[in-house]
Amino acid sequence: MCLNQSRPTRLISDSAARTRAIAAELAERLQPGDVVALRGPMGAGKTVFVKGIADAFGVREPVTSATFTIITEYEGRIPLVHADLYRLHGSAEAAETGLQDYLRDSSVVVVIEWAERASDLYPSDTIWISISVSEDGRRAIAIDRTEQQP
Ligand SMILES: Nc1ncnc2c1ncn2[C@@H]1O[C@H](COP(=O)(O)OP(=O)(O)OP(=O)(O)O)[C@@H](O)[C@H]1O
Ligand SMILES: [Mg+2]
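Just so you know, we're using this note's numbering here: the sequence shown kicks off at 2 and counts up by one.
Below, the structure is given as structure tokens:
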């Protein structure tokens, strides 16, 4: 999986375990300072994806939904910051949570669920992951490192 291509990578996942493994594989290529923005409907597998990143970083604490806490930090080989913007309504509200301090922190990786709610806050090299659910339940995962939100 190459993140530097100009074309997006598209993968199909037929299970939560596969999505988690895809995320772990991607995470091996992440570096401190990277921002990963997750989009996709409720139940698509965004939190499953974050768990896969945590696996690759050797996070011991179980990753849980960050919907109510909004931002949770996990200790790992690279510190992992998990944000979930579901309950927020836009960038102004997101800015009040302290998210921007994490986005500026070059020692952590920030992974954001419902990321499209505050897309103007992120750096231009943010990695966008879009997960969609097919009629048969499989997930299509698009990974795109681009200056434009897909
Ligand atoms: N291919 C798949 N990839 C990921 N999850 C899958 C897949 N197939 C089934 N699932 C199931 O779908 C659910 C995904 O839940 P998850 O909490 O990760 O979604 P989410 O996108 O974070 O939702 P929310 O918007 O509510 O935070 C899990 O119950 C998981 O087992
Ligand atoms: Mg979630």
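The C-beta atom is built at its ideal place from N, Cα and C for all residues, glycine as well.
When you compare each of Leu-86, Pro-80, Arg-11 to Pro-42 by their alpha carbons, which one comes out closest?
Along the sequence shown, one-based indexing puts residue 42 at 41. Comparing Cα positions, the closest option is Leu-86.
Using alpha carbons as the reference points, say which of Ile-130, Val-109, Ala-116 lies closest to Thr-20.
Here the question's residue 20 lines up with position 19 in the sequence shown. For the residues Ile-130, Val-109, Ala-116, the minimum Cα distance to Thr-20 belongs to Ile-130.
I'd like to know whether the C-beta atoms of Lys-47 and Val-64 end up nearer to each other than 8 Å.
Looking up residue 47 in the sequence shown gives position 46. Looking up residue 64 in the sequence shown gives position 63. No, these two residues do not count as a Cβ contact at 8 Å.
State the start and end residues of the unbroken beta strand (DSSP E) segment that holds Val-51.
The count along the sequence shown starts at 1 and reaches residue 51 at position 50. No beta strand (DSSP E) holds Val-51; the alpha helix (DSSP H) holding it covers 47 to 58.
Return yes when at least one heavy atom of ligand 1 lies under 7 Å from the C-beta of Glu-136, else no.
Residue numbering aside, residue 136 sits at position 135 when the sequence shown is read from its first letter. No, since every heavy atom of ligand 1 falls outside the 7 Å radius drawn around the Cβ of Glu-136.
Just curious, the alpha helix (DSSP H) that Ala-18 is in, first and last residue?
On the sequence shown, position 17 is the one that residue 18 refers to. 17 to 28 is the extent of the alpha helix (DSSP H) around Ala-18.
If you draw a straight line from the alpha carbon of Gln-150 to that of Ala-116, how long is it in whole angstroms?
For the purposes of this step, residue 150 is identified with residue 149 of the sequence shown, where counting begins at 1. For the purposes of this step, residue 116 is identified with residue 115 of the sequence shown, where counting begins at 1. Bear in mind that a pLDDT of 47 at Gln-150, under 50, signals an unreliable position, so the model cannot answer this.
Do you know whose CA, among Val-36, Pro-9, Asp-137, lies nearest Leu-81's CA?
Within the sequence shown, the letter at position 80 stands for residue 81. Closest option to Leu-81, Cα to Cα, is Val-36.
With a threshold of 16 other CB atoms inside 10 Å of the CB of Ser-14, please say whether the residue is buried or exposed.
Here residue 14 refers to the residue found at position 13 when the sequence shown is read from its first residue. Burial call: buried.
Report yes if the C-beta of Ser-66 is less than 7 Å from at least one heavy atom of ligand 2; otherwise report no.
Mapped onto the sequence shown, residue 66 falls at position 65. For ligand 2, at least one heavy atom lies less than 7 Å from the Cβ of Ser-66.
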